[in-house]
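In full-length UniProt numbering, the protein residues as written are 1 to 212.
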(Lines of atoms letter the chains of each structure in order from A and count residues from 1; the text may use other names and numbers.)
(Lines give C-alpha, C1' and ligand atoms only; values in the text may rest on other atoms or scores of the structure.)
Protein backbone atom coordinates (compact mmCIF):
# COMPACT_ATOMS: atom_id res chain seq x y z
CA UNK A 1 0.00 0.00 0.00
CA UNK A 2 3.08 2.22 -0.44
CA UNK A 3 3.20 3.13 3.24
CA UNK A 4 4.92 2.12 6.47
CA UNK A 5 2.95 1.03 9.50
CA UNK A 6 3.89 0.62 13.14
CA UNK A 7 1.74 -1.55 15.42
CA UNK A 8 1.89 -1.08 19.19
CA UNK A 9 0.49 -3.54 21.74
CA UNK A 10 -0.33 -2.50 25.31
CA UNK A 11 -1.04 -5.34 27.74
CA UNK A 12 -2.21 -4.70 31.30
CA UNK A 13 -4.34 -6.11 34.10
CA UNK A 14 -7.81 -4.71 34.65
CA UNK A 15 -10.65 -5.45 37.06
CA UNK A 16 -13.52 -7.51 35.71
CA UNK A 17 -17.21 -6.94 36.46
CA UNK A 18 -17.18 -10.09 38.62
CA UNK A 19 -14.51 -8.76 40.96
CA UNK A 20 -11.52 -10.61 39.54
CA UNK A 21 -8.88 -9.38 37.14
CA UNK A 22 -7.98 -10.21 33.56
CA UNK A 23 -5.45 -9.15 30.97
CA UNK A 24 -6.51 -6.67 28.30
CA UNK A 25 -4.42 -6.05 25.17
CA UNK A 26 -5.01 -2.80 23.32
CA UNK A 27 -3.81 -2.20 19.79
CA UNK A 28 -2.77 1.04 18.11
CA UNK A 29 -1.49 1.60 14.57
CA UNK A 30 0.48 4.51 13.16
CA UNK A 31 1.08 5.06 9.44
CA UNK A 32 3.81 7.21 7.99
CA UNK A 33 1.33 8.98 5.72
CA UNK A 34 -1.24 9.52 8.46
CA UNK A 35 1.29 10.67 11.08
CA UNK A 36 -1.07 9.79 13.93
CA UNK A 37 -1.97 6.82 16.11
CA UNK A 38 -5.31 5.07 15.65
CA UNK A 39 -6.76 2.67 18.16
CA UNK A 40 -8.13 -0.60 16.80
CA UNK A 41 -10.44 -3.03 18.52
CA UNK A 42 -8.99 -4.69 21.62
CA UNK A 43 -7.17 -7.96 21.03
CA UNK A 44 -9.48 -10.74 22.27
CA UNK A 45 -7.71 -13.88 21.00
CA UNK A 46 -5.59 -14.41 24.11
CA UNK A 47 -2.43 -13.00 25.66
CA UNK A 48 0.55 -12.36 23.36
CA UNK A 49 3.66 -13.28 25.32
CA UNK A 50 6.28 -12.34 22.71
CA UNK A 51 5.68 -8.75 21.64
CA UNK A 52 8.25 -8.89 18.86
CA UNK A 53 5.99 -9.73 15.93
CA UNK A 54 7.42 -11.99 13.21
CA UNK A 55 6.90 -10.47 9.76
CA UNK A 56 5.88 -12.88 7.00
CA UNK A 57 4.10 -12.11 3.72
CA UNK A 58 2.72 -8.73 4.84
CA UNK A 59 1.59 -10.05 8.21
CA UNK A 60 2.90 -9.82 11.77
CA UNK A 61 2.65 -13.04 13.78
CA UNK A 62 2.74 -13.73 17.52
CA UNK A 63 2.49 -16.76 19.80
CA UNK A 64 -0.62 -16.25 21.92
CA UNK A 65 -1.64 -17.89 25.18
CA UNK A 66 -5.40 -18.55 25.15
CA UNK A 67 -7.17 -17.02 28.13
CA UNK A 68 -7.55 -19.54 30.95
CA UNK A 69 -5.10 -22.03 29.41
CA UNK A 70 -2.39 -23.79 31.41
CA UNK A 71 0.97 -25.26 30.55
CA UNK A 72 2.60 -24.55 27.21
CA UNK A 73 -0.54 -24.48 25.03
CA UNK A 74 -0.49 -21.58 22.60
CA UNK A 75 -1.84 -20.51 19.26
CA UNK A 76 -0.42 -18.39 16.44
CA UNK A 77 -2.18 -15.13 15.58
CA UNK A 78 -1.40 -12.97 12.54
CA UNK A 79 -2.17 -9.30 11.89
CA UNK A 80 -2.72 -8.40 8.23
CA UNK A 81 -0.99 -5.03 7.79
CA UNK A 82 -3.05 -4.12 4.71
CA UNK A 83 -6.49 -5.15 6.00
CA UNK A 84 -5.69 -4.37 9.67
CA UNK A 85 -7.38 -7.57 10.81
CA UNK A 86 -6.31 -10.43 13.11
CA UNK A 87 -6.64 -14.10 12.27
CA UNK A 88 -5.55 -17.35 13.86
CA UNK A 89 -2.97 -19.37 11.93
CA UNK A 90 -3.41 -23.14 11.77
CA UNK A 91 -0.50 -25.17 13.14
CA UNK A 92 0.98 -28.50 12.05
CA UNK A 93 0.38 -31.77 13.85
CA UNK A 94 3.34 -31.91 16.24
CA UNK A 95 2.38 -35.35 17.52
CA UNK A 96 2.62 -36.35 21.16
CA UNK A 97 5.18 -34.85 23.49
CA UNK A 98 5.79 -31.50 21.81
CA UNK A 99 5.69 -29.30 24.91
CA UNK A 100 7.73 -26.19 24.16
CA UNK A 101 7.48 -24.22 20.94
CA UNK A 102 9.20 -21.08 19.64
CA UNK A 103 7.99 -18.93 16.76
CA UNK A 104 10.29 -17.35 14.19
CA UNK A 105 11.00 -16.73 10.52
CA UNK A 106 13.32 -18.86 8.40
CA UNK A 107 14.11 -18.07 4.75
CA UNK A 108 10.95 -15.97 4.51
CA UNK A 109 8.71 -18.72 5.91
CA UNK A 110 6.88 -18.76 9.22
CA UNK A 111 8.83 -21.20 11.37
CA UNK A 112 8.15 -23.15 14.59
CA UNK A 113 10.80 -24.90 16.66
CA UNK A 114 9.07 -27.66 18.63
CA UNK A 115 10.95 -29.22 21.55
CA UNK A 116 10.45 -32.77 22.82
CA UNK A 117 11.61 -33.46 26.40
CA UNK A 118 15.02 -35.09 26.59
CA UNK A 119 15.02 -36.10 22.92
CA UNK A 120 15.16 -33.57 20.10
CA UNK A 121 13.78 -30.43 18.50
CA UNK A 122 11.89 -30.34 15.21
CA UNK A 123 11.87 -27.42 12.77
CA UNK A 124 8.63 -26.75 10.90
CA UNK A 125 8.02 -24.11 8.21
CA UNK A 126 4.81 -22.94 6.54
CA UNK A 127 5.69 -22.69 2.84
CA UNK A 128 2.33 -21.15 1.84
CA UNK A 129 1.01 -18.78 4.48
CA UNK A 130 -2.35 -19.78 5.96
CA UNK A 131 -2.42 -23.22 4.30
CA UNK A 132 -2.16 -26.01 6.86
CA UNK A 133 -1.04 -28.64 4.35
CA UNK A 134 1.95 -26.48 3.46
CA UNK A 135 3.54 -27.01 6.90
CA UNK A 136 6.72 -28.98 6.28
CA UNK A 137 9.11 -30.54 8.80
CA UNK A 138 12.56 -29.57 7.56
CA UNK A 139 14.70 -31.57 9.99
CA UNK A 140 15.18 -32.70 13.59
CA UNK A 141 18.05 -31.70 15.89
CA UNK A 142 19.15 -33.96 18.77
CA UNK A 143 19.88 -32.27 22.08
CA UNK A 144 23.42 -32.04 23.36
CA UNK A 145 22.25 -32.26 26.98
CA UNK A 146 19.11 -31.69 29.09
CA UNK A 147 16.64 -29.49 27.11
CA UNK A 148 14.62 -28.86 30.27
CA UNK A 149 17.15 -26.14 31.05
CA UNK A 150 18.34 -25.02 27.62
CA UNK A 151 16.55 -24.76 24.30
CA UNK A 152 17.74 -24.16 20.76
CA UNK A 153 16.73 -20.89 19.18
CA UNK A 154 14.74 -20.87 16.00
CA UNK A 155 17.33 -21.42 13.22
CA UNK A 156 18.89 -18.14 12.16
CA UNK A 157 19.76 -19.30 8.65
CA UNK A 158 20.49 -22.32 6.44
CA UNK A 159 23.45 -22.21 4.05
CA UNK A 160 23.59 -23.65 0.53
CA UNK A 161 25.05 -26.89 1.88
CA UNK A 162 22.11 -27.42 4.25
CA UNK A 163 23.96 -26.59 7.48
CA UNK A 164 21.90 -24.77 10.10
CA UNK A 165 23.03 -21.86 12.28
CA UNK A 166 21.27 -21.47 15.62
CA UNK A 167 21.86 -20.45 19.22
CA UNK A 168 22.20 -22.80 22.20
CA UNK A 169 23.29 -21.99 25.77
CA UNK A 170 24.48 -18.49 24.77
CA UNK A 171 26.76 -19.77 22.01
CA UNK A 172 26.28 -20.19 18.28
CA UNK A 173 26.04 -23.73 16.91
CA UNK A 174 26.19 -25.05 13.35
CA UNK A 175 24.31 -28.31 12.84
CA UNK A 176 24.70 -30.57 9.82
CA UNK A 177 21.45 -32.56 9.37
CA UNK A 178 23.02 -34.93 6.83
CA UNK A 179 25.77 -36.15 9.16
CA UNK A 180 24.22 -35.30 12.53
CA UNK A 181 27.30 -33.31 13.57
CA UNK A 182 27.81 -30.00 15.40
CA UNK A 183 30.38 -27.23 14.99
CA UNK A 184 30.95 -24.11 17.06
CA UNK A 185 31.89 -20.98 15.08
CA UNK A 186 34.40 -18.61 16.68
CA UNK A 187 33.14 -15.15 17.63
CA UNK A 188 36.14 -12.82 17.72
CA UNK A 189 36.26 -10.80 20.93
CA UNK A 190 33.38 -12.67 22.61
CA UNK A 191 32.98 -16.04 24.29
CA UNK A 192 29.17 -16.01 24.42
CA UNK A 193 26.14 -14.03 23.24
CA UNK A 194 23.05 -12.89 25.11
CA UNK A 195 20.74 -13.23 22.12
CA UNK A 196 21.31 -13.75 18.41
CA UNK A 197 19.14 -12.39 15.61
CA UNK A 198 19.28 -11.81 11.88
CA UNK A 199 20.56 -8.35 10.95
CA UNK A 200 18.70 -6.38 8.26
CA UNK A 201 20.49 -3.21 7.25
CA UNK A 202 17.48 -1.26 5.94
CA UNK A 203 13.69 -1.29 5.99
CA UNK A 204 13.80 -0.43 2.28
CA UNK A 205 14.78 -3.11 -0.22
CA UNK A 206 17.78 -2.03 -2.33
CA UNK A 207 17.35 -1.38 -6.05
CA UNK A 208 19.58 -3.57 -8.21
CA UNK A 209 19.77 -3.05 -11.98
CA UNK A 210 16.61 -0.96 -11.92
CA UNK A 211 14.60 -3.64 -10.11
CA UNK A 212 13.57 -3.88 -6.44
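In this text, a Cβ means the ideal position worked out from N, Cα and C, and glycines have one as well.
Same chain only: Cβ atoms within 6 Å of residue i, ignoring 5 sequence neighbours per side
i	result
residue 28	8, 37, 39
residue 80	59
residue 10	26
residue 223	Summary: the structure shown does not reach residue 223, with the chain confined to residues 1 through 212, and so no result is reported for it.
residue 115	100, 121, 147, 151
Residues near residue i in its chain [Cβ-Cβ closer than 8 Å; skip 5 each side]
i	result
residue 155	104, 106, 111, 113, 123, 164, 165, 166
residue 137	92, 122, 123, 124
residue 67	22, 23, 46, 47
For residue i, the nearest candidate out of the options (CA to CA)
i	options	result
residue 26	18, 44, 16	44
residue 145	169, 158, 129, 138	169
residue 117	109, 101, 159, 125	101
residue 82	150, 180, 140, 31	31
residue 132	62, 76, 54	76
residue 225	115, 56, 62	Any question about residue 225 goes unanswered here, given that the chain covers just 1 to 212.
residue 57	198, 2, 109, 151	109
residue 85	41, 65, 160, 119	41
residue 177	188, 201, 192, 143	143
residue 33	54, 5, 18, 193	5
Cutoff 7 Å; reference residue i; Cβ partners in own chain excluding five residues on either side
i	result
residue 196	153, 156, 167, 172
residue 130	89
residue 94	114
Identified DSSP bridge partners for residue i
i	result
residue 140	122
residue 129	Residue 129 pairs with nothing; no bridge assigned.
residue 187	Answer is none; residue 187 lacks a bridge partner.
residue 167	172
residue 182	175
residue 113	102, 123
residue 8	28
Practice task
Ignoring anything shorter than 3 residues or poking outside the segment 71–109, list the beta strand (DSSP E) runs there in chain order.
Solution key: The qualifying runs are 75–80, 85–89, 100–106.
Handout entry: Complete runs of the beta strand (DSSP E) confined to the segment 10–56 [at least 3 residues]
Key = Segments of the beta strand (DSSP E) lying fully in the segment 10–56: 21–31, 37–39, 54–56.
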